[in-house]
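Trainee: I'd like to ask you about the structure that follows.
In the numbering used here, the protein residues as written are 334 to 532.
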């Protein structure tokens, strides 16, 4: 009984630590504290295709934040976390981000698809994949196929919601009736693994 309670308490502490990662990431970007930002990632974080480490990540963030964007405000919510082991987990977190550029104020709705690992007792991002529903000037409505419209870039479709396997499955299926068989219930702790695409 004691061992079970300790295990459950450890899981709750891990969930809270991972949630803090997402909140601290948003705050570190908004207050421009790049050192606090990169310390949320593992030391051997992959940056692009051929660079590794926090120093490379700091440079990557700096190029974006110093040259393109004046101010930001990130709000994170709807954080769902699933564990692969006591030392590794993955999750999805929503983010609404506001960006002040020279002549535009861009509002973005997105998700991060995250991979987390625990090293020496602390949780870190191993990988963050930002996926967009839309990004448009605050005066522009995000309707139509190409909802990602950053200034001076060609408009494009966002990754969401199509990166969710469940989205495609829903629209391929016939409308349900009272006689449509229900699927077998999914264990709540393994729901994400079944509805999002494999990375």
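Note that the Cβ used here is the ideal one computed from N, Cα and C, for glycine as well.
Quantities reported herein were computed from a predicted structural model and do not represent experimental measurements.
Work out the CA separation of residue 530 and residue 504 for me, nearest whole Å.
Mentor: Along the chain shown, read from residue 1 onward, the residue named residue 504 stands at position 171. Along the chain shown, read from residue 1 onward, the residue named residue 530 stands at position 197. Taking the straight line joining both Cα atoms gives about 16 angstroms.
Trainee: Buried or exposed: residue 404, going by 16 or more other Cβ atoms within 10 Å of its Cβ?
Mentor: As a working mapping, residue 404 is identified with position 71 in the chain shown. So residue 404 ends up on the exposed side.
Trainee: Rounded to whole angstroms, what is the Cα-Cα separation between residue 323 and residue 421?
Mentor: Nothing can be reported for residue 323, as the shown portion of the chain is limited to 334 through 532.
Trainee: State yes or no: is the C-beta of residue 431 within less than 8 angstroms of the C-beta of residue 423?
Mentor: The residue you call residue 431 lines up with position 98 of the chain shown. The residue you call residue 423 lines up with position 90 of the chain shown. No, the Cβ-Cβ distance between residue 431 and residue 423 is not below 8 angstroms.
Trainee: Figure out for me which residue from 336, 395, 335, 387 has the closest Cα to the Cα of residue 364.
Mentor: For the purposes of this step, residue 364 is taken as residue 31 along the chain shown, with counting starting at 1. Measuring from the Cα of residue 364, the nearest candidate turns out to be 395.
Trainee: Please report the residue range of the alpha helix (DSSP H) in which residue 395 lies.
Mentor: Mapped onto the chain shown, residue 395 falls at position 62. Start and end: 387 to 400.
Trainee: Is it the case that the CB of residue 350 approaches a heavy atom of the ligand GDP more closely than 7 angstroms?
Mentor: Although the ligand GDP was asked about, the structure shown includes no ligands whatsoever.
Trainee: In this structure, what does DSSP give as the bridge partners for residue 424?
Mentor: By 1-based counting over the chain shown, the position of residue 424 is 91. In the DSSP output, where bridge partners are listed per residue, residue 424 has 414, 447.
Trainee: Taking 8 angstroms as the cut-off, does the region 486 to 496 touch the region 510 to 522 (at least 3 CB pairs, one atom from each stretch)?
Mentor: no
Trainee: Distance check for residue 345 and residue 386, CA to CA, integer angstroms please.
Mentor: Start at 1 with the first residue of the chain shown, and residue 386 comes out as number 53. Start at 1 with the first residue of the chain shown, and residue 345 comes out as number 12. Near 29 angstroms, if we compare the C-alpha coordinates of residue 345 and residue 386.
Trainee: Please decide whether residue 503 counts as near chain B, where near means a Cβ-Cβ distance under 8 angstroms.
Mentor: Reference to chain B is not applicable here, since this structure consists of a single protein chain.
Trainee: Work out the CA separation of residue 370 and residue 388 for me, nearest whole Å.
Mentor: Within the chain shown, the letter at position 55 stands for residue 388. Within the chain shown, the letter at position 37 stands for residue 370. In a straight line, the C-alpha of residue 388 is about 11 angstroms away from that of residue 370.
Trainee: So the candidates are 334, 414, 406; which of them puts its Cα closest to the Cα of residue 349?
Mentor: On the chain shown, position 16 is the one that residue 349 refers to. If we check each option's Cα against that of residue 349, 414 comes out closest.
Trainee: Under a Cβ-count criterion, where at least 16 other Cβ atoms within 10 Å of its own Cβ denotes burial, should residue 410 be classed as buried or exposed?
Mentor: Sequence index remark: in the chain shown, residue 410 carries index 77 (1-based). By the neighbour-count criterion, in which 16 or more other beta carbons inside 10 Å mark a residue as buried, residue 410 falls on the exposed side.
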